[in-house]
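Reading through the structure tokens given below for one structure.
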Amino acid sequence: MINEYPRVRFAPSPTGYLHVGGLRTALYNYLFAKSNDGKFVLRIEDTDRNRLVENAVENLINTLKWAGLDYDEGPDKSGEYGPYTQSERLDIYHKYAKQLIENGKAYYCFCSPERLTALREEQQRLKLPQAKYDKHCLNLSKSDVQAKLASNEPHVVRLNVEPGERVLIDDLIRGRVEFEREVIDDQVLIKADGYPTYHLANVVDDHLMKITHVIRGEEWLSSTPKHILLYEYLGWEIPKFAHLPLLLNPDKSKLSKRQGDVAAEDYRDNGYLREALLNFVALLGWSTSDNKEFFTMEELIENFSIDRVHKAGAVFNIEKLNWLNAEHLRAKPASELLAMLKDEMKKSKYADKSFSDEYLLLIIEAMRERVSFIKEYIDNCPYFYEEPHSYDEAVIAKRWKEDSADLLRKFLEKIKALENPTKEDYENSLDQVAQENGVGKGRLIHPIRLVVSGVGIGPGVFDLLYILGKEKVVNRIHKALTVLDK
RNA sequence: GGCGCAUUCGUCUAGCGGUUUAGGACACCGCCCUCUCAAGGCGGAGAUCACGGGUUCGAAUCCCGUAUGCGCUACCA
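Set out below in structure tokens:
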């Protein structure tokens, strides 16, 4: 190991949003760092200027912050190994490219894109085992190269893969993976526009930034031999690798936009809690031996271990996410829920109305076990915020009997006499009416719920009445009697 | 096509040669609780451990092959 303490990095390219797969990669890196007293670095891989997206970096950073994946070093933080944005490190990559060229481990290539395409097509037509660059420019004489360079001919720098032993990867998750050197292409290291490719930049930066463990998606496994060669050619120590399984669509293809939300921001905007998303995504490819599934961030840090990461891809199953969201939501203290509800309120159709904290807190306690998302504290119980506009027909059919109106009137009389009725007062009143009329309590309970809420579901009816308060209850019963008592 | 990785209930997974009639979770179904809906409790259905060969007294677990899926195969990351 290069350092006593591990250093890991999350190195996304700024494509505009944070993919949930990226979120999980970031999380695993973060957990690995935190659980090993290591450092977590954020590095922006923006070497493809054709895919630059406005505000992508800012958005990425915001989302990471929202998720709570705080990094020790990064573009907007100080650190010994900066800058942490690759487009600001161009001279560094050129320095090492030059070194590689001098040592014969890389070479200038002046082939046109047309020639490369033709070459590839030719290879395909001949059904050659594998398509590779033909090292055409490696055979250029020194003076030829100098002349072309001097006349500013467009060129790239390629890795010079020489025959040799198999390249071995000892992956922390997959164990040993071997590649024949013959299958490794002379990868472009520096593009014609002077920017490095991922392969060069990633190796140079990981080394210079003293990264000890490269934890990344499985899509990188196939190009890891190129990276290992680069480390060898540069004479650098090779970091440990851990290639994470992919996140999949329900049809097992790689998680993509077409089949649902892939941006972490989408989940945030749809009301998912960071705790739930992180917990869920952590479980996609990792588990503990005791099958524990509900984790706080602290517990994740405490329990995480890279060697308990799976090898196979995992389908992103939204139903389990929903369940975890409900679990995390219920685990929150009322004060926090209150703040969230007030926030949500501002975005709802009740934005203009104002409710006291006391009132909202009562709703929170009553609805706690009945919601999975914060917005459901509004959507699932509109009757706390406004009078019912209608009465559920199915509930009327089932619960509204011939004597309902009459019983309601009697209940109304009883509670009108009450002063600041408590939950128990309502219950006593109802008991009395039921007894006096020789009917079961249900005969009162269901119609009452119906007329004060408009629906047949919700908190206990006495909670409902108490929360709404006598005035609203009386008014709503009155109103309902004019509508339903025909 | 080549190279690589993977393969346990619908899904996420436990399992690391015998304690397994393969365990848990989500979803689903039923029962209990109960004024409704939830939550909670209990139970059910759901996996010939992809398939075929080995190795072994014994394999979901080790080895080999096949199949399937996925990834890479760019001057994208």
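Sequential numbering of the first sequence, starting at 311, is according to the working numbering. We treat Cβ as the ideally placed atom computed from N, Cα and C, and that holds for glycine.
Sorted by chain position, which residues of the same chain lie with C-beta nearer than 7 Å to residue i's C-beta, five sequence neighbours on each side aside?
i, result
"Asp481", "Val487, Phe551, Ala552 and His553"
"Gln440", "Val493"
"Asp735", "Leu728"
"Lys408", "none"
"Ile611", "Leu341, Lys344 and Ser345"
"Gln434", "Ala441"
Kindly list the residues whose CB is nearer than 6 Å to the CB of residue i, restricted to its own chain and excluding five residues on each side of it in sequence; keep chain order.
i, result
"Ala744", "Lys751 and Leu754"
"Ala586", "Leu634, Asn635 and His638"
"Thr373", "Leu328, Ala574 and Glu575"
"Ser658", "Ile688"
"Glu383", "Val351 and Gly389"
"Lys782", "none"
"Asp454", "none"
"Gly474", "Arg491"
Using three-state DSSP, classify residue i as helix, strand or coil.
i, result
"Pro322", "coil"
"Gln573", "For the record, residue 573 in the displayed sequence is Ala; it is not Gln. Here Ala573 sits in strand by DSSP."
"Ile483", "coil"
"His523", "strand"
"Cys829", "Residue coverage of the chain in this structure runs from 311 to 796, which leaves residue 829 outside it and unanswerable."
"Ala416", "strand"
"Glu314", "coil"
"Ile852", "Nothing about residue 852 can be reported from this structure: the residues present for the chain run from 311 to 796 only."
"Thr395", "strand"
"His553", "strand"
"Trp376", "helix"
"Pro731", "coil"
"Val783", "helix"
"Glu424", "helix"
"Val367", "helix"
"Lys621", "coil"
"Trp710", "coil"
"Leu429", "helix"
"His756", "helix"
"His509", "helix"
"Glu488", "strand"
"Val467", "strand"
"Lys751", "coil"
"His788", "helix"
Which one of the options has the shortest CA to CA distance from residue i?
i, options, result
"Pro506", "Glu542, Asp773 and His465", "His465"
"Ser345", "Asn413, Ala502, Lys621 and Asn613", "Asn613"
"Leu469", "Phe320, Leu544 and Asp735", "Leu544"
"Asn632", "Val681, Glu712, Leu648 and Glu696", "Val681"
"Thr534", "Ile479, Ser700, Tyr669 and Arg709", "Ile479"
"Lys501", "His404, Val761 and Ala704", "His404"
"Ala428", "Tyr443, Leu557 and Asp496", "Tyr443"
"Glu686", "Arg719, Leu651 and Ser700", "Leu651"
"Leu791", "Ser700, Arg640 and Leu438", "Ser700"
"Tyr508", "His537, Arg491, Asp495 and Asp496", "His537"
"Pro549", "Asp571, Val514 and Glu529", "Val514"
"Lys331", "Phe605, Gly414 and Tyr577", "Here residue 331 is Gly; the residue named in the question, Lys, does not match the sequence. Measuring from the Cα of Gly331, the nearest candidate turns out to be Tyr577."
"Tyr394", "Lys415, Thr357 and Arg430", "Thr357"
"Lys711", "Pro757, Asn747 and Ile521", "Pro757"
"Ala641", "Arg709, Ile684, Glu703 and Val498", "Ile684"
"Asp579", "Val771, Leu362, Trp376 and Phe489", "Trp376"
"Leu426", "Asp495, Lys789 and Leu410", "Asp495"
Can you tell me the Cβ-Cβ gap for residue i and residue j, rounded? I've got them flagged as a contact below 8 Å.
i, j, result
"Gly581", "Cys691", "Contact flag wrong, Cβ pair sits at about 16 Å."
"Val351", "His523", "Actually they do not touch by this definition, with Cβ atoms about 11 Å apart."
"Pro560", "Gln569", "7 Å"
"Leu648", "Asp667", "6 Å"
"Tyr315", "Gly348", "5 Å"
"Val591", "Arg334", "4 Å"
Tell me whether residue i, by its Cβ, gets closer than 8 Å to a heavy atom of the ligand PLP.
i, result
"Ser422", "This structure does not include the ligand PLP; it has no bound ligands of any sort."
Under 8 Å Cβ to Cβ from residue i, same chain only, skipping five residues before and after it: list those, please.
i, result
"Leu558", "Lys564, Leu565, Gly623, Ala624, Val625 and Phe626"
"Val784", "Leu722, Ile725 and Lys726"
"Val793", "Tyr701"
"Asn313", "Note that Asn313 scores a pLDDT of 49, beneath 50, so its modelled location is shaky and nothing firm can be said."
"Ser739", "Phe721, Lys724, Ile725, Leu728 and Pro731"
Between the stretch 673-691 and the stretch 719-736, are three or more C-beta pairs nearer than 8 Å? no
Do the stretch 398-410 and the stretch 420-440 make contact, defined as three or more Cβ pairs closer than 8 Å? Touching, no, given that fewer than three Cβ pairs across the two stretches are closer than 8 Å.
Do three or more CB pairs link the stretch 317-334 to the stretch 358-369 at distances below 8 Å? yes
Is the stretch 607-627 close to the stretch 329-345, with three or more CB pairs under 8 Å? yes
Is it a yes or a no for the stretch 690-707 touching the stretch 762-779, going by three-plus beta-carbon pairs under 8 Å? yes
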